[in-house]
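Asks: I'd like to ask you about the structure that follows.
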Amino acid sequence: MVALEKNTGETVWKIGTEEPGYSTPVVYQDRGRDRVSVFHKKALVGYDLEGPRDPLFRYSWRTSYGANASNPHFREGKFYISSGYGSGYAVIDVTKPEPELLHRDRELILKVQTSILFGDHVIAHYGGDGDPRNLVALNFDSGEIAWKQEVPGDLGNVIAIGDHLIVFTDSGHVILGKDQGDHFQELGRKHALQGTSWAPPAYANGRLYLRNNLGKAICLDVSKAN
27 MVALEKNTGE TVWKIGTEEP GYSTPVVYQD RGRDRVSVFH KKALVGYDLE
77 GPRDPLFRYS WRTSYGANAS NPHFREGKFY ISSGYGSGYA VIDVTKPEPE
127 LLHRDRELIL KVQTSILFGD HVIAHYGGDG DPRNLVALNF DSGEIAWKQE
177 VPGDLGNVIA IGDHLIVFTD SGHVILGKDQ GDHFQELGRK HALQGTSWAP
227 PAYANGRLYL RNNLGKAICL DVSKAN
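Adding 26 to a residue's 1-based position in the sequence shown gives its number in the numbering used here.
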């Protein structure tokens, strides 16, 4: 992993010898210190950004093709990770000398899509590889499923805008709703694009930006959604 000076492009530091995966480095704070986690090809690794930048922990995680594409989530000394090809998800405790597995489900996979941490829930449109294709709210601490909702497509990405959730499925459907604790409240949906859509949606200033594998991108006005 490399850090660049944003104005000049000069290399500030390099750390780690792991082979790269597909996910983005995630900066987090733990016990008052800035740290970064990277879901590499073969492991989740944490580094201290304020010290010698030696690995703080390493949790081995093997996936076919090294396709660890979904970003991890950190909360109170624990990480959530997930990938496809039968790997499923896991929550691990990284506060001990050796990371400890707390709970895992191999059917809840994230192949190319990513999840969000929303209150106590990890919310994702799980699917791919013939596994159950559902929008699921998983309790981060216990691993219990708070609710499950059938949605179109094989998989999809979720973002949060305030207290609203937007799901963008690979079939091109956009679904607006809310996490009501024990169920998903759907507020509306639209089939916005043809083709296949793996790219996560982007939101800014009341507008939602979507694109598909056919090279088409659209912008939807969602400023009045309630």
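Beta carbons: idealized from backbone N, C-alpha and C, even for Gly.
As the structure is a prediction and not an experimental result, all values here were calculated from the model.
How would you label T238, buried or exposed, when you count the other beta carbons within 10 angstroms and need 16 or more for buried?
Replies: Note on residue identity: the sequence assigns Asn, not Thr, to residue 238. By the 10 Å Cβ count, N238 comes out buried.
Asks: Helix, strand or coil: how does DSSP classify Y152 here?
Replies: Reduced to three states, the DSSP call for Y152 is strand.
Asks: Measuring only the C-alpha atoms, how far is P98 from G188?
Replies: Approximately 21 Å, taken between the alpha carbons.
Asks: Can you look up G92 in the DSSP assignment and give me helix, strand or coil?
Replies: Three-state result, G92: helix.
Asks: Using C-beta distances below 6 Å, list every residue in its chain close to A225, excluding the 5 sequence neighbours before and after it, in chain order.
Replies: So the list reads R237, once near-sequence residues are dropped.
Asks: Looking at the unbroken beta strand (DSSP E) that takes in G114, where does it start and where does it end?
Replies: Here the beta strand (DSSP E) through G114 covers G114 to D119.
Asks: Expressed to the nearest angstrom, what Euclidean distance is found between the alpha-carbon atoms of L213 and K40?
Replies: Cα to Cα, the separation comes out at about 46 Å.
Asks: Would you mind giving the Cβ-Cβ distance between I135 and Y85, rounded to the nearest angstrom? I have them listed as a contact below 8 Å.
Replies: The Cβ separation is near 17 Å, so there is no contact.
Asks: Which residues in the same chain have their Cβ closer than 6 Å to the Cβ of K216, if we skip the five residues on either side of it in sequence?
Replies: Only V200 meet the Cβ criterion.
Asks: Identify, in the order they occur along the chain, each residue of the same chain with its Cβ nearer than 6 Å to the Cβ of S223, setting aside the five sequence neighbours on each side.
Replies: Closer than 6 Å at the Cβ level, and outside the excluded window around S223, lie D196, G198 and N238.
Asks: For I192 versus Y229, is the C-beta spacing smaller than 9 Å?
Replies: Yes. Within cutoff.
Asks: Between N165 and the rest of its own chain, which residues show a CB-CB distance below 7 Å, the 5 nearest in sequence each way excluded?
Replies: Around N165: D146, H147 and A172.
Asks: At the level of alpha carbons, what is the spacing between K67 and E36?
Replies: Computed Cα separation, rounded: 26 Å.
Asks: Could you tell me which residues DSSP pairs with Y106 in its beta bridges?
Replies: H99 and V117.
Asks: Please report whether the beta-carbon of E170 lies at a distance below 9 Å from any beta-carbon of chain B.
Replies: Of the protein chains in this structure there is only one, and it is not chain B.
Asks: Assuming T121 and N183 make a contact with CB atoms under 8 Å, what is their CB distance in whole Å?
Replies: Going by Cβ atoms, the distance from T121 to N183 rounds to 30 Å, so no, they are not a contact pair.
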